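K.L.:
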Amino acid sequence: MVDIASISAGLTSIKTALDITKELRNIDSLLKDAEVKLKLADLIEALSEAKIQVSEIRVENQELRNKLKELENQLYQTDEVFFDKGHYFLKSPKEGEAQGPYCARCYSDNGKLFPESELPSTFHDLGRYRCPKCSSVTM
Ligand SMILES: [Zn+2]
C-alpha cells in the first residue's frame, strides 16, 4: 500500500538525483574520476529508488481508480437498475424494453441508459459489448 510517506520518499529521491546532477555539473574537472564515479553511483541509486516508488504509486493509483469506479457504480444503483459485471440492467423492464446490458459509463456520467450492442464473436478478445453513444467497449 502506497501512502503519503512513499510519495514523499519518491519526491525526495528525485530531489536527491537532481542535487547530484547539479553537483556533477559543478565538479572541477581537475578532480579525480573516482569522485565523479562515486557521484554517478549515487545518482543511479537515487533514480532507481525514484523509479520503484513511482511505479508503486502508479499501481496504487490504478487500484484507487478502479475502486472509485466501482463505488460510483454502486452509488448510481437505484430502484430501477442494478449493476452487474460492468453493466447496468433494468430490474423490471417494461414491455419492448431490453433488460440490458446498458452502458455503465454513460449511466455514471449523465444518468442515461444506452443499450449496448453485442460485438461479433471475432472481436470478443477486445470486448463483448459496445456502447452506441460513447463507443466504449466492455467485456
Ligand atoms: Zn456509453
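Following this note's numbering, the numbering of the sequence shown begins with 110 at its first residue and continues without gaps. Where a beta carbon is used, it is the ideal one built from N, C-alpha and C, also for glycine. Predicted model only: the values in this text are computed from it and were never measured.
1) Measure how close the beta-carbons of Ile-123 and Ala-159 come, nearest whole angstrom, since I'm counting them as under 8 Å.
2) Can you tell me the Cβ-Cβ gap for Arg-214 and Ser-164, rounded? I've got them flagged as a contact below 8 Å.
3) Using DSSP bridges, identify the partner residues of Tyr-238.
4) So for Leu-184, helix, strand or coil by DSSP?
5) Using C-beta distances below 7 Å, list every residue in its chain close to Tyr-216, excluding the 5 sequence neighbours before and after it, in chain order.
6) Give me the Cα-Cα distance between Thr-247 and Ala-155, rounded to the nearest whole angstrom.
7) Look at the Cβ atom of Glu-225, then the Cβ atom of Pro-210, and state whether they are nearer than 8 Å.
8) Could you give the distance in angstroms between the alpha-carbon of Phe-191 and the alpha-carbon of Lys-200?
9) Sorted by chain position, which residues of the same chain lie with C-beta nearer than 7 Å to Gly-119's C-beta, five sequence neighbours on each side aside?
10) Measuring only the C-alpha atoms, how far is Gly-205 from Pro-241?
P.N.:
For this structure:
1) Between Ala-159 and Ile-123 the Cβ distance is about 5 Å, and since that is below 8 Å, they are a contact.
2) With 8 Å as the limit, Arg-214 and Ser-164 do not qualify as a contact, their Cβ atoms being about 27 Å apart.
3) BP columns for Tyr-238 point to Glu-227 and Thr-247.
4) Annotated three-state conformation of Leu-184 is helix, per DSSP.
5) Cβ within range, chain order: Tyr-185, Tyr-197 and Leu-222.
6) Distance from the CA atom of Thr-247 to the CA atom of Ala-155, rounded to whole angstroms, is 40 Å.
7) Yes, they are a contact pair.
8) The alpha-carbon atoms of Phe-191 and Lys-200 are separated by roughly 6 Å.
9) Ala-159, Gln-162, Val-163 and Ile-166.
10) When rounded, the distance between both Cα atoms is 19 Å.
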